[in-house]
Structure formats: structure tokens, C-alpha cells
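Here's the structure, in C-alpha cells; my notes come after.
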Amino acid sequence: MGRDTSQDAVIVVPGIMGSTLQDTVTGARIWGLGVKSMADTWLGRDGMLPLHLTPDEQEGRFGRVRATGLLECPAWAPFLQGFEPYTDLVRGVGKAVAHPKAVLAFAYDWRLPVGVNAALLAEAARRHLSAWRAHPAHDRIRRLRADERPAQLIFVAHSMGGLVTRAALTRTPDLEPDTRAVVTLGTPFNGSVKAAVILNGHRGNGRRAARGPSAFLRRRMQALATTLPGVHDLLPGFRCVDDSPEVHRLTPSDVQALGGDRELAARSQEFQQWMRLNGRSLPGHRAVVGVAQPTAQSLRLMEGVVHEQFFTFRTHSDGEVVRDAVGVPQRVDLTGDGTVYRDSGSLGGSAGAHLPLQHGPMARDSDVIRHVRNVITSPDEPLGPPMGESRIGLDVPDAVEAGAAWNMRLTGTDTHAGVICSVHDAETDRRIATPRIGWQDDTIAAQVTLPAPGLYRLRVESGGNAPVTQLVLAAEPDDRLRAPGNTAA
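Every position in the sequence shown, counted from 1, becomes a number in this note's numbering once 1421 is added.
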């Protein structure tokens, strides 16, 4: 019995930090280096300097860096935590189409503005569709389908990739009639408070305040992010600044005060405003939205320090904040995927599926890949994978000290019955520990010790849905990271 396949052309668009990058001058790979090299890069003397935008790049003269492919091994960054490879997603998409040539993995330089990459995606999409329609396998599969129509485009976009896709379709409206569906996975359509937290660096305060090696690494991430238009394009466009009793949007002055670049923030806001005025509904849009994970949804900005808040403010249909009888803004915790809060993950009127997943690992989740395949092969695929009974959230630090104990916290559940936690080597997925879960004060948690420096995958299984996972970096003790000569950003 043959498998169900589509005649359409599919483009997989990764998220921020989801494409491997190469320096075209030196020939060196500067992102997507492999697990062992990745840790050395973050902790080494030169830090992430090769990824910083140069003065020429800041003036719009690009070409020093080239995207060479989608991420094929686990990666990690402060604040954003783990990035899982796209290998499983691309393989799953390949099983739903008639020929490997029907699939394009669109790699892009995620450091650059969304608009720049959108123009490149639009050109690549047109070339890909034309090439696939001219391929002999296209005509063969088309004649086997009931409608016998020529191929259309299907975009499968993770994280920032959804913003790039939407901007490409908005800037190139002639692509819309040739687009059958867009599947977005954890896309921050209205931005993410996490971008402001990143730009604030180690100064941030709250329950995720930097401790130990995390503070050192966050300084490096902040120094990098301040130069990147791509990060500024992820800043929240919704009312998120809690200046009680008022709630307002971030301004370029706010971004400068918290540690970002004022000019990049202004350009980003101009782009967001243009998208609000001109952006269209995505054709056949299905949004997979992560929920149940502790997610920053608003912030207080005090003397240059971002105090992240794990709630948002209810708004009326006109965007005004809902207030009680005495004028106090109404708060609600909508959770999210740990990076993108729930309501930013979809566009009004689009079909969506809510799953208890973390942001970076979402594109590798088996339920998500199954949903993507169903959309490709079944034009009338409904909302997507059903929400199981489990709504467990996972709260872990981004980096810890190797050999030191710390607590992994579970949220969204009042029992740990049937919940299993395991720790794995991120590269081989070999299980190395099974921490015991129990009550600690009023929290369900497990004490974890990562034995040596390296990257580890935490997995929590509870039945109902696929496991919730996240990557954690174990580093040398803080005093060794601060050794003389190890000061580069």
C-alpha cells in the first residue's frame, strides 16, 4: 500500500539561531558547530564576536556571513535555552511529498532584519515552486490526485521563521494565490518579552535572575544581541510595560534604557507598524502554540533593570486595557512556550492547536511533526493534534554549575503521580540520571546535578502528550569563568 503524498512544494523555514552560519572571509563555521564546539565557543576567549554585526553590516552591506543549512545538532544560547535540530521535521515533511526535490530547507542569516530575509525567502519560494512544477515527478503525482491541480506552496515555519514567512507573503502578494497553507510553530506574531529580557542581559531580575555561570554567559548574549536587528525585530509589540496604573508599549527610549540599541528598536517598530497596517491573514494558516510553560508576558522597567512578569493584561477588542471598578488593570497568566506567550503565537481568526511544549524543542516534537504531515497531505486537516490531559510546564535555568545541585520545577499540575523525569546527554540522548520528583515546600520539583561541563537534555513524561524537554548547559564554576583573559563578549 502506497503512502499518502501531496503534489505540493514545501518550504521549511527555521527560527532564530536555527540556521548554520559560515564566515565567507575565513571559511569558518560560526554557528551550528556541534555540541562540544558550541560550549567552547560560548565559554572561550573570543566569545561570540564572529556573530556580532560589523559596522559594514550595520550599514546594510551584507555578505560576510552565509547561511549554509538548517541546524542538524542541538545548540544552546543564554535566555533562549535549547535549540533542537530540524532533521526530524525535514524528514517528516519528506515522507508527505512525492519527491525529495519538493522540499526546500530555507536557511537564512537570522542576525539580519526580518524584512531582509523575507525578500530572500520570497525569491527562493518562487524559484522552488517553478523548479518543482517542472520536475517529472510533479506531473506524475498530480495526475494521481483527485483535483489534478498543479503544485502550490506550503510553508512550515518555526519561531522567527513565521515572521519571515508572513513578511515575504505581505511584500510579495503574487505568492499568495500560489500558497496553499502556512503552518507556524511557536511564532511570536506580536513579539516576545523574552527579547527585552535578552537585551537587558545579566541585569534582569525576577525568579529567573542570573546566578553562577549564567550571569557570565548572559553578558555575552546581551553583547551579541545588542548588535542584531533580528533580535530587535522580536521585541513585543503589545502593551507589556507595567507602569501602574498605566500599561504601555515599549518605546525606543525604553529599549535603549534596558540595554538595547535605540535605532534598531525604532526600525523594528516601524517594521511592526508596517506589518500591522499591511499584513494579511496567512493562507490556510494553522498555528501550533506552546502552552503551560512559565512564560514572561509583561515587565516592569526600573532604573534600567527589566523585572519580568509572568502575567499579561486583558484587553478589549480595541486594544485598550480592561480595568476593574477602581481602574486597576486586569491581570491573567496565559502561559506560553517559555519564550512566546499564548496570544502572541497566533493571528486572529487562524486555526490553532495548543500543546504543552517548550519553544526550542517544538519543531522536533512527534505530535507536531504528525500534524505538519497531515496538513501537507490533507487540505481539510482540522485544528491539529488534540490537547491531552497533561499540561505540565517545565521551569529550568539556562545554565548551571557542573557538579552543583539545583532544582527543576514542574508547573501546571498538583500531583507528581505518573510523572517521570530523566536527564540525557544532548548529543547522544543517552540517559544519565533519573531524578526523583517530589514536593519541596509548595512546589513539585526534582533536584538535579549535572556531572560535568556539557549540554544536557531534561525530559519530563506524564502520559497524554509527548514529553516536555529542554536543554541545559553545565559550565565550569563561576570563578574559573572569570579567570583573566576570559573577558571577550
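Ideal placement from N, C-alpha and C gives every residue a C-beta, glycine not left out.
DSSP has Asp1663 in a bridge; who is on the other side? Your numbering for residue 1663 matches position 242 in the sequence shown. Partner(s): Val1668.
Going by alpha carbons, who is nearest to Val1654 out of Met1696, His1669, Ala1713, Ala1636? Residue 1654 sits at position 233 when you count from the first residue of the sequence shown. According to the sequence provided, residue 1654 is Asp. The question's Val does not apply to it. The residue from Met1696, His1669, Ala1713, Ala1636 with its alpha-carbon nearest to that of Asp1654 is Met1696.
Neighbourhood of Val1817 by C-beta distance below 7 Å, restricted to the same chain and skipping five residues each side: Sequence index remark: in the sequence shown, residue 1817 carries index 396 (1-based). Excluding residues within five positions, the ones whose Cβ falls inside 7 Å are Met1829, Leu1879, Gln1891, Val1893.
So what's Ile1379 in DSSP terms, helix, strand or just coil? Residue 1379 lies beyond the stretch modelled for the chain, which goes from 1422 to 1910, so this question has no answer here.
Determine the direct distance from the alpha carbon of Asp1530 to that of Phe1483, and round the result to whole angstroms. Position 62 of the sequence shown, counted from the first residue, corresponds to residue 1483. Position 109 of the sequence shown, counted from the first residue, corresponds to residue 1530. Answer to the nearest angstrom: the Cα atoms are 10 Å apart.
Meets three-Cβ-pair contact criterion under 8 Å: the stretch 1578-1585 and the stretch 1553-1567: no
Quick one: using the 10 Å Cβ neighbour count with 16 as the cut-off for buried, is Glu1691 buried or exposed? As a working note, residue 1691 is residue 270 in the sequence shown. Answer is exposed; the Cβ neighbour count stays below 16.
Glu1684 lies in the alpha helix (DSSP H); which residues open and close that run? Reading the sequence shown from its first residue, position 263 is the one you call residue 1684. Glu1684 -> alpha helix (DSSP H) spans 1683-1699.
Taking the alpha-carbon positions, what's the Ala1646 to Asn1795 distance? Translated into positions along the sequence shown, residue 1646 becomes position 225. Translated into positions along the sequence shown, residue 1795 becomes position 374. The alpha-carbon atoms of Ala1646 and Asn1795 are separated by roughly 37 Å.
Select from Cys1494, Arg1852, Leu1474, Arg1547 the residue whose C-alpha is nearest the C-alpha of Arg1485. On the sequence shown, position 64 is the one that residue 1485 refers to. Considering only alpha carbons, the answer is Leu1474.
Those runs of the alpha helix (DSSP H) which lie wholly inside the stretch 1567-1655 and span at least 4 residues: 1581-1592, 1614-1621, 1634-1646, 1650-1653
Can you give the Cα-Cα distance for Gly1448 and Leu1491, rounded to whole angstroms? Locating residue 1448 in the sequence shown gives position 27, counting from the first residue. Locating residue 1491 in the sequence shown gives position 70, counting from the first residue. Cα to Cα, the separation comes out at about 18 Å.
Whether Leu1876 touches Pro1495 by CB criterion (8 Å): Taking the first residue of the sequence shown as position 1, residue 1876 is located at position 455. Taking the first residue of the sequence shown as position 1, residue 1495 is located at position 74. Yes.
Alpha-carbon spacing of Ile1865 relative to Ile1841, whole angstroms: Position 444 of the sequence shown holds residue 1865. Position 420 of the sequence shown holds residue 1841. Between Ile1865 and Ile1841, the C-alpha separation is close to 12 Å.
Any idea which residues DSSP pairs Phe1758 with across the strands? Taking the sequence shown and counting its residues from 1, the one referred to as residue 1758 is at position 337. Correcting the residue identity first, residue 1758 is Asp in this sequence and not Phe. Asp1758 pairs with Gln1714.
Through-space distance from Gly1814 to Asp1863, alpha-carbon basis: Against the sequence shown, residue 1863 aligns to sequence position 442. Against the sequence shown, residue 1814 aligns to sequence position 393. Asp1863 and Gly1814: Cα-Cα distance of roughly 15 Å.
Going by DSSP, what residue range makes up the beta strand (DSSP E) through Leu1831? Residue mapping note: residue 1831 aligns to position 410 of the sequence shown, counting from 1. First-last of the beta strand (DSSP E) with Leu1831: 1826-1832.
Assuming Val1912 and Ala1895 form a contact by the criterion Cβ under 8 Å, report the distance between their Cβ atoms to the nearest whole angstrom. Residue 1912 lies beyond the residue range present for the chain, which begins at 1422 and ends at 1910; the question has no answer from this structure.
Below 8 Å, can you find three or more Cβ-Cβ pairs linking the stretch 1663-1676 to the stretch 1496-1506? Touching, no.
Could you tell me whether the stretch 1541-1559 touches the stretch 1446-1462, where touching means 3 or more Cβ pairs closer than 8 Å? no
Does Arg1763 pass the burial test, meaning 16 or more other C-beta atoms within 10 Å, or should it be called exposed? Here residue 1763 refers to the residue found at position 342 of the sequence shown. Arg1763 comes out buried.
The stretch 1733-1748 contacting the stretch 1671-1690, beta-carbon criterion three pairs below 8 Å: no
What residue range is occupied by the uninterrupted alpha helix (DSSP H) comprising Trp1531? Numbered from 1 along the sequence shown, position 110 holds the residue referred to as residue 1531. Here Trp1531 belongs to no alpha helix (DSSP H), and DSSP marks it neither H nor E.
Is the distance from the Cβ of Arg1785 to the Cβ of Leu1525 below 8 Å? If you number the sequence shown from 1, residue 1785 lands on position 364. If you number the sequence shown from 1, residue 1525 lands on position 104. No.
Around the C-beta of Ala1588, are 16 or more other C-beta atoms found within 10 angstroms, so that it is buried, or is it exposed? As a working note, residue 1588 is residue 167 in the sequence shown. When all chains shown are included, Ala1588 counts as buried.
Would you mind stating whether Gly1769 and Gly1711 have Cβ atoms separated by less than 8 Å? One-based indexing of the sequence shown puts residue 1769 at position 348. One-based indexing of the sequence shown puts residue 1711 at position 290. Not in contact: Gly1769 and Gly1711 (Cβ atoms no closer than 8 Å).
Tell me the residue span of the beta strand (DSSP E) that contains Thr1508. One-based indexing of the sequence shown puts residue 1508 at position 87. Element bounds for Thr1508: not the beta strand (DSSP E) but the alpha helix (DSSP H), 1508-1515.
Integer-rounded CB distance, given that Asp1788 should sit under 8 Å from Ala1887: Position 466 of the sequence shown, counted from the start, is the residue given in the question as residue 1887. Position 367 of the sequence shown, counted from the start, is the residue given in the question as residue 1788. Yes, Ala1887 and Asp1788 are in contact; Cβ-Cβ is about 5 Å, under 8 Å.
With DSSP collapsed to three states, give me the class of Glu1544. As a working note, residue 1544 is residue 123 in the sequence shown. DSSP places Glu1544 in helix when its eight states are reduced to three.
What residue range does the alpha helix (DSSP H) around Leu1679 cover? By 1-based counting over the sequence shown, the position of residue 1679 is 258. First-last of the alpha helix (DSSP H) with Leu1679: 1673-1679.
Compute the distance between the beta-carbons of Ser1765 and Pro1650, then report whether it is under 8 Å. Position 344 of the sequence shown, counting from 1, holds the residue named residue 1765. Position 229 of the sequence shown, counting from 1, holds the residue named residue 1650. Not closer than 8 Å, so no.
Ends of the beta strand (DSSP E) at Gln1502? Residue 1502 sits at position 81 when you count from the first residue of the sequence shown. Gln1502 -> beta strand (DSSP E) spans 1502-1504.
Between the Cα of Glu1493 and those of Met1459, Gly1468, Gly1455, Gly1481, spot the shortest distance and give me the residue it belongs to. Position 72 of the sequence shown, counted from the first residue, corresponds to residue 1493. That would be Gly1455, whose Cα lies nearest to the Cα of Glu1493.
Cα-Cα separation, Gly1503 to Val1652: One-based indexing of the sequence shown puts residue 1503 at position 82. One-based indexing of the sequence shown puts residue 1652 at position 231. Each residue's Cα considered, the two are about 16 Å apart.
Going by beta carbon distance, what residues of the same chain come within less than 8 Å of Ile1437, once the five residues before and after it are set aside? On the sequence shown, residue 1437 is found 16 positions in, with the first residue counted as 1. So the list reads Leu1501, Trp1531, Ser1580, Met1581, Gly1651, Val1652, Leu1655, once near-sequence residues are dropped.
Return the chain-ordered list of same chain residues with a C-beta closer than 7 Å to the C-beta of Arg1857, the five sequence neighbours on each side being excluded. On the sequence shown, position 436 is the one that residue 1857 refers to. Non-local beta-carbon contacts of Arg1857 in its own chain, meaning distances under 7 Å to residues more than five positions away in sequence, involve Ala1867 in chain order.
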